[in-house]
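Worksheet: one structure, shown below.
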Amino acid sequence: MLADGLKMMLAMALFFGAMYLYAWMPEIIAARKEKQREKEKLQKTVNREAKKLELQKLREEKFQTVQERRAKIREHFQWLEKMNKQIEQIKNK
């Protein structure tokens, strides 16, 4: 008789526990989905920032390359001017 009462109490406890979980499950699922959305949003932000930094680095590298080319061209023109002056001096003698 006591064993039957314990079984009945256990069954009722399981039933009420299941009802409690069923009542709270939509809120738990919604909270998990919201947490997942926030995590994805944060990941997108991090990825966007990383992409920005990568693009900025590429722009800086290209700018540096262009500056180096300009300097070389400037040096070459100065050398050409110098050579032209020397040629003119030789012609004028």
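So the sequence shown is numbered by the numbering used here: it starts at -13 and just counts up by one. Each residue gets a CB set at the ideal place from its N, CA and C atoms; glycine is no exception.
Check: Does DSSP put residue 27 in a helix, a strand or coil?; Outcome: helix
Check: Taking DSSP as the reference, what is the three-state secondary structure of residue 68?; Outcome: helix
Check: With a threshold of 9 angstroms between beta-carbons, can residue 40 be considered close to chain C, or not?; Outcome: Chain labels in this structure do not include chain C; a single protein chain is all it has.
Check: If we ignore side chains and look at the alpha-carbon of each, how far apart do residue 34 and residue 50 end up?; Outcome: 24 angstroms
Check: Could you give the DSSP three-state label for residue 79: helix, strand or coil?; Outcome: coil
Check: Could you check the C-alpha separation between residue 45 and residue 71 for me, to the nearest Å?; Outcome: 39 angstroms
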